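J.: Pasting in a structure now, in structure tokens, and then I'll have a few things to ask.
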Amino acid sequence: AEIQHGRDVAMAHYQSALPPEIDSMKHFITNPTVTPTGDDTVSVHAYIFAVNGMGGALSMAWGQYRMKIQVDADGAVITEMGIYLDKPATPVRTMLGED
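Residue numbers for the sequence shown follow our numbering, beginning at 1 and rising by one.
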């Protein structure tokens, strides 16, 4: 996949990838690891489990977040972020074999 950069690109991706009918979305981030990569940078790896509600139906997805973060006296900024889905959003009924 092509690597793209910037907040506007990320927001456009989410807006195009997620249907507007989503009523709710919860992302549960687990097992984060933070590794120093320089004097003012760290890399972060975490697993994600997502639950989406849409019109009374429920879908789930899971995968990983990978980030690079720049730290300075004013705080921290995510400079790179990758989302790798092991299981794209799938209706729960389909997962259970009850189409």
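Cβ atoms here follow ideal geometry from the backbone N, Cα and C, with glycine treated the same way. Since we're looking at a predicted model, the values are computed, not measured.
1. Under the three-state reduction of DSSP, which class applies to D40: helix, strand or coil?
2. Y47 to T37, Cα distance in whole Å?
3. Are the beta-carbon atoms belonging to V42 and I69 less than 8 Å from one another?
4. List the endpoints of the continuous beta strand (DSSP E) containing G75.
5. Can the beta-carbon of G53 be found closer than 8 Å to that of S24?
6. What residues in its chain sit with their C-beta under 6 Å from that of H27, if we drop five residues either side in the sequence?
7. DSSP state of Q64, grouped into three classes?
8. Does the distance from the C-beta atom of D39 to that of D72 stay below 8 Å?
9. Between D99 and the rest of its own chain, which residues show a CB-CB distance below 7 Å, the 5 nearest in sequence each way excluded?
T.: Quick answer:
1. Counting from one through the sequence shown, the residue named residue 40 turns up at place 40. DSSP places D40 in coil when its eight states are reduced to three.
2. As a first step, residue 47 is located in the sequence shown; it is residue number 47 there, counting from the start. As a first step, residue 37 is located in the sequence shown; it is residue number 37 there, counting from the start. Their Cα atoms are separated by approximately 20 Å.
3. Here the question's residue 42 lines up with position 42 in the sequence shown. Here the question's residue 69 lines up with position 69 in the sequence shown. Contact flag set, yes.
4. As a working mapping, residue 75 is identified with position 75 in the sequence shown. Its beta strand (DSSP E) spans residues 75-91.
5. If you number the sequence shown from 1, residue 53 lands on position 53. If you number the sequence shown from 1, residue 24 lands on position 24. Going by C-beta atoms, G53 is nearer than 8 Å to S24.
6. Here residue 27 is taken as the residue at index 27 of the sequence shown, counted from 1. I48, A50.
7. Locating residue 64 in the sequence shown gives position 64, counting from the first residue. Looking at Q64 - three-state DSSP - the assignment turns out to be strand.
8. Indexing the sequence shown from 1 puts residue 39 at position 39. Indexing the sequence shown from 1 puts residue 72 at position 72. No, the pair does not count as a contact, with Cβ atoms beyond the cut-off.
9. Taking the sequence shown and counting its residues from 1, one reaches residue 99 at position 99. The predicted model places D99 with a pLDDT of 49, which falls under 50 and marks its position as unreliable; any figure quoted below should be read in that light. Counting only Cβ-Cβ distances below 7 Å, and skipping sequence neighbours, we find R93.
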